[in-house]
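Below you'll find the structure, written out as structure tokens, and then a few comments.
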Amino acid sequence: MSGSSKANAKNNKKVVEVANTNNAGNGKVLPQQINPPQVSLPTDSYIPSYLSELVPELKSYQQLIEAEKRLDVYLARKKIDLHQNVSQWSNNGVGSAFSMENSLNRRNIENTKYLRVFISNIAENQPWQDPSQELSAGSWTMRVEGRLLDSQNVSDANRPKFSSFFQAIAVDFKKKKNESSSNKNETDTAATTTTTGLALPNQNQDVEMKDVEMKDDVTKQETDIADAVEWHFDSKNPVEFDGLDIKRQGTENIDCTVTMQLKNITGKELDYSPELASIIGLSQGSLHTAVYSLYKYLLINKLLINDESNNQGPSSSSPSSENTNGEKTIVQLDEFLSELLPNSNIDETVPKPTTIKLVDLLPLINQHVSPLKPVKINYTIRVDKASTYGDCVFDLAVPNPQQSSNAKEPSEESKEGLSLLAELNNLTTEFKPKLQELDMEASALQLQLNDSASRYQFFKKISSDPVPVLQEYIASSATALKVLSGDEGYNEDTVRRSQFYKDNEAILFENLGVLLANGRM
């Protein structure tokens with residue numbers, strides 16, 4: 001052996017020993033790693049396309065993979081839906097009497113009770129009762145009371161009181177008719193003078209008169225009230241009672257208005273306008289219920305059009321340049337939907353639009369919903385009768401008070417959903433090891449298939465043209481041997497320049513692959 005060969009072999013031996021010494025955890029020299037690391041699972045599940053022609057069963061395998069993906073997506077969606085339903089049942093279930101599902105028109109009998117309200121008054125020391133009494137001694141007592149219509153005993157301490165169903169109660173006593181008429185004349189004179197002084201040449205007289213009329217109505221309501229009694233619920237100092245008594249001096253009948261605001265009325269419950277109620281068949285409900293019901297009306301009557309050219313309405317005359325949701329969907333307006341349009345009854349000479357965009361439907365619905373109004377009852381306090389008990393009686397739908405105590409208890413739907421989720425989790429945990437085992441077997445078979453495919457390609461090339469293939473194989477093996485032995489023959493000054501790596505990128509990439517495949521890096 002020549003001197004240069006001995007020197008190279010000696011240097012290679014030192015390099016191997018140093019590398020193995022650095023990799024050893026306990027300081028011992030490890031043997032050189034030559035064989036590639038064992039890979040139990042393939043890193044890529046790709047199957048070459050040419051194998052599908054050679055192995056017909058691979059097409060069925062690909063269809064099975066696609067079916068498995070669809071099944072996984074379907075199960076994941078159903079699991080998410082089940083989680084959402086259980087959460088919704090827990091939050092908006094029996095404990096929420098005014099939820100969307102339990103609206104005033106669809107509420108379950110179990111979640112709704114009726115409160116019977118009595119408004120009455122008694123007269124005392126009136127001239128017709130005792131002529132010897134003076135007029136100033138006459139008085140009357142008004143009472144607003146109520147009781148829940150159920151089978152619970154009246155003497156039960158846990159029975160809900162009348163005040164527990166209301167947030168506020170107000171009684172507005174109106175003035176006498178002669179006083180009201182004199183005040184009205186004074187107000188009309190002031191309003192006429194004000195209107196004449198504020199008239200402008202270019203101002204719309206109709207709009208001006210409407211503003212004046214609205215102001216007159218508010219002023220009239222304020223001037224008609226002679227006295228008012230209000231009660232408001234105070235959470236810091238709650239007071240419960242079964243009746244509200246109001247006593248005043250007087251010997252004449254008095255008109256009053258009783259206003260009652262129910263408790264636990266959330267912003268979800270809204271009043272629908274008569275135009276909207278005539279279409280969806282509901283007078284109250286949430287905004288979501290109104291949108292969903294109106295959309296069902298459009299689907300049932302086939303009023304949705306997916307053609308922008310059919311749009312003739314002014315609100316959708318300029319088509320949008322962006323294809324967003326609802327921009328290309330047109331709603332055909334029938335005679336009932338046309339009543340929802342603003343200013344539909346002002347000027348009949350102006351042609352009404354026949355279509356609108358679907359995205360404009362929600363703003364249109366918002367114009368026909370309003371917060372729930374309090375209960376208002378007009379009542380006349382009569383002093384010509386000793387008692388008017390039973391003359392004014394009405395029922396109010398209120399939430400079941402027992403549901404508030406059972407709000408923390410899960411409903412039957414929630415329990416069923418939780419049991420389904422628990423069963424699904426148990427099945428997933430039970431079958432997970434089996435599925436993992438099957439996946440490993442399929443991956444191992446796929447790895448063998450790809451290895452067999454590589455061998456098949458190699459031997460096929462040899463059988464078709466053996467000489468060039470063997471020459472290429474020998475050249476590739478020789479290059480790999482040089483890479484593994486570290487004898488590539490590169491000049492040290494050349495490899496220090498970046499241009500070397502740019503010019504030999506493909507060769508270096510192949511060399512790195514050889515080193516990684518043989519565990520040398």
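Under full-length UniProt numbering, think of the first position of the sequence shown as 1, with each following residue one higher. Positions of the beta carbon are idealized from the N, C-alpha and C atoms, including for glycine.
| query | Using 8 Å as the Cβ pair cut-off and three pairs as the minimum, do the segment 159-177 and the segment 133-147 touch? | reply | These segments touch.
| message | When you compare the segment 377-397 with the segment 113-129, are there three or more beta-carbon pairs, one atom per stretch, that lie closer than 8 Å? | response | A contact exists between the segment 377-397 and the segment 113-129.
| query | Roughly how far, in whole angstroms, is the beta-carbon of Ile-169 from the beta-carbon of Leu-244, given that I think they are within contact range, below 8 Å? | reply | Here residue 169 is taken as the residue at index 169 of the sequence shown, counted from 1. Here residue 244 is taken as the residue at index 244 of the sequence shown, counted from 1. Right, their Cβ atoms sit about 6 Å apart.
| message | If contact is defined by three or more beta carbon pairs under 8 Å, each pair taking one atom from either stretch, is the segment 364-377 in contact with the segment 246-260? | response | As far as the Cβ criterion goes, the segment 246-260 touches the segment 364-377, which means the pair count is three or higher.
| query | How big is the Cα-Cα spacing for Asn-253 and Phe-173? | reply | One-based indexing of the sequence shown puts residue 253 at position 253. One-based indexing of the sequence shown puts residue 173 at position 173. Rounded to the nearest whole angstrom, the C-alpha separation of Asn-253 and Phe-173 is 11 Å.
| request: Compute the Euclidean distance between the alpha carbons of Lys-461 and Tyr-46, then round it to the nearest angstrom. | output: Here residue 461 corresponds to residue number 461 of the sequence shown, with the count starting at 1. Here residue 46 corresponds to residue number 46 of the sequence shown, with the count starting at 1. Cα to Cα, Lys-461 sits roughly 22 Å from Tyr-46.
| query | Is the CB-CB distance between residue 522 and Ile-300 below 9 Å? | reply | What is shown of the chain runs 1 to 521, which leaves residue 522 out entirely.
| request: Let me know the secondary structure DSSP gives Ile-265 once reduced to three states. | output: The residue labelled residue 265 in the question sits at position 265 within the sequence shown. In the structure shown, the three-state DSSP call for Ile-265 is coil.
| said: Looking at Leu-82: is its Cβ nearer than 9 Å to the Cβ of Leu-420? | reply: Taking the first residue of the sequence shown as 1, we reach residue 82 at position 82. Taking the first residue of the sequence shown as 1, we reach residue 420 at position 420. Between Leu-82 and Leu-420, the C-beta spacing is below 9 Å.
| Residue span of the alpha helix (DSSP H) that contains His-368, given as start and end | Taking the sequence shown and counting its residues from 1, one reaches residue 368 at position 368. Unbroken run through His-368: none, as it is neither H nor E.
| task | Could you tell me whether the Cβ atoms of Ser-52 and Gln-63 are closer together than 9 Å? | result | For the purposes of this step, residue 52 is taken as residue 52 along the sequence shown, with counting starting at 1. For the purposes of this step, residue 63 is taken as residue 63 along the sequence shown, with counting starting at 1. Going by C-beta atoms, Ser-52 is not nearer than 9 Å to Gln-63.
| message | Need the endpoints of the beta strand (DSSP E) that Phe-394 sits in, please. | response | In the sequence shown, the residue the question calls residue 394 occupies position 394. From DSSP, the beta strand (DSSP E) with Phe-394 extends over 392-399.
| query | So is Leu-276 buried or exposed if we call it buried at 16+ other beta carbons inside 10 Å? | reply | Here residue 276 corresponds to residue number 276 of the sequence shown, with the count starting at 1. It is buried - the Cβ of Leu-276 has at least 16 other Cβ atoms within 10 Å.
| query | Mind checking whether Ile-381 and Asp-255 have CB atoms under 9 Å apart? | reply | Position 381 of the sequence shown, counting from 1, holds the residue named residue 381. Position 255 of the sequence shown, counting from 1, holds the residue named residue 255. Pairing Ile-381 with Asp-255 gives a Cβ-Cβ distance under 9 Å.
| task | Run the CB neighbour count on Leu-361, radius 10 Å, all protein chains shown included, and call it buried at 16 or more, exposed below. | result | Here residue 361 refers to the residue found at position 361 when the sequence shown is read from its first residue. Residue environment: Leu-361 is assigned as buried (16 or more neighbouring CB atoms within 10 Å of its CB, all protein chains considered).
| request: Have a look at the DSSP bridge pairing and note the partners of Ser-387. | output: Translated into the one-based positions of the sequence shown, residue 387 becomes position 387. Partner(s): Ile-122.
| query | In terms of residues, what are the limits of the alpha helix (DSSP H) holding Gly-138? | reply | For this step, residue 138 is matched to residue 138 along the sequence shown. It is not in any alpha helix (DSSP H) - Gly-138 carries neither H nor E in the DSSP assignment.
| request: Please classify Ser-60: is it buried, with 16 or more other beta-carbons within 10 angstroms of its beta-carbon, or exposed? | output: Counted from its first residue, the sequence shown places residue 60 at position 60. It is exposed - the Cβ of Ser-60 has fewer than 16 other Cβ atoms within 10 Å.
| Residue burial classification, Asn-102 (beta-carbon count within 10 angstroms, cutoff 16) | Locating residue 102 in the sequence shown gives position 102, counting from the first residue. With a pLDDT of only 45 at Asn-102, under 50, the local geometry of the prediction cannot be trusted, and no value is derived from it.
| Nearest to Phe-394 by alpha carbon, out of Pro-56, Phe-118, Ser-87, Glu-57? | If you number the sequence shown from 1, residue 394 lands on position 394. Closest option to Phe-394, Cα to Cα, is Phe-118.
| query | In the DSSP assignment, what residue or residues form a beta bridge with Lys-113? | reply | Walking along the sequence shown from the start, residue 113 turns up at place 113. Note: Lys-113 sits in a beta bridge opposite Val-398.
| field | Unbroken alpha helix (DSSP H) run spanning Thr-251, endpoints | value | One-based indexing of the sequence shown puts residue 251 at position 251. Neither: Thr-251 is in no alpha helix (DSSP H) and is coded neither H nor E.
| query | Just curious, the beta strand (DSSP E) that Leu-270 is in, first and last residue? | reply | Mapped onto the sequence shown, residue 270 falls at position 270. 270-272 is the extent of the beta strand (DSSP E) around Leu-270.
| For Thr-196, which residues of its own chain have a beta-carbon under 8 Å away from its beta-carbon, when the five flanking residues on both sides are left out? | By 1-based counting over the sequence shown, the position of residue 196 is 196. In this prediction, Thr-196 scores a pLDDT of 35, lower than 50, which makes its location untrustworthy; the coordinate-derived value is nonetheless stated afterwards. Within the same chain, no Cβ atom closer than 8 Å to the Cβ of Thr-196 is found once the five residues on either side in sequence are excluded.
| request: Round the Cβ separation of Pro-351 and Leu-341 to the nearest angstrom and send it over; I've been treating them as touching at under 8 Å. | output: Here residue 351 is taken as the residue at index 351 of the sequence shown, counted from 1. Here residue 341 is taken as the residue at index 341 of the sequence shown, counted from 1. Going by Cβ atoms, the distance from Pro-351 to Leu-341 rounds to 12 Å, so no, they are not a contact pair.
| Which term fits Asn-400, buried or exposed, when burial requires 16 or more other beta carbons within 10 angstroms of its beta carbon? | The residue you call residue 400 lines up with position 400 of the sequence shown. It counts as buried.
| field | Cβ shell of Ala-422 (< 7 Å), same chain only, five flanking positions each side left out | value | On the sequence shown, residue 422 is found 422 positions in, with the first residue counted as 1. No residues qualify anywhere along the chain.
| By how many angstroms is the C-alpha of His-368 removed from the C-alpha of Lys-296? | What you label residue 296 is simply residue 296 of the sequence shown in a count that begins at 1. What you label residue 368 is simply residue 368 of the sequence shown in a count that begins at 1. Each residue's Cα considered, the two are about 18 Å apart.
| Rounded C-alpha distance that separates residue 539 from Glu-66 | Only positions 1 to 521 of the chain appear in this structure, which leaves residue 539 out of reach.
| query | Residue range of the alpha helix (DSSP H) that Ala-517 falls in? | reply | On the sequence shown, residue 517 is found 517 positions in, with the first residue counted as 1. Unbroken alpha helix (DSSP H) run through Ala-517: 505-517.
| Is the CB-CB distance between residue 569 and Val-469 below 9 Å? | Summary: the structure shown does not reach residue 569, with the chain confined to residues 1 through 521, and so no result is reported for it.
| Which term fits Lys-434, buried or exposed, when burial requires 16 or more other beta carbons within 10 angstroms of its beta carbon? | Reading the sequence shown from its first residue, position 434 is the one you call residue 434. Classified as exposed, Lys-434 has fewer than 16 neighbouring CB atoms from the shown chains inside 10 Å of its CB.
| said: Taking the straight line between their C-alpha atoms, what separation do you get for Leu-75 and Glu-416? | reply: Position 75 of the sequence shown, counted from the start, is the residue given in the question as residue 75. Position 416 of the sequence shown, counted from the start, is the residue given in the question as residue 416. Roughly 18 Å separates the two Cα atoms.
| request: Go to Val-229, then tell me how far its beta strand (DSSP E) extends in each direction, as first and last residue. | output: Looking up residue 229 in the sequence shown gives position 229. Annotation for Val-229: the continuous beta strand (DSSP E) segment containing it runs 225-232.
| said: Suppose the cutoff is 7 Å on Cβ atoms and the five residues either side in sequence are ignored; what does the same chain contact list for Ser-273 look like? | reply: Translated into the one-based positions of the sequence shown, residue 273 becomes position 273. Result list for Ser-273: His-368, in chain order.
| field | Buried versus exposed, by CB contacts within 10 Å (16 or more), Val-73 | value | Locating residue 73 in the sequence shown gives position 73, counting from the first residue. By the beta-carbon neighbour count (other beta carbons within 10 angstroms, threshold 16), Val-73 is exposed.
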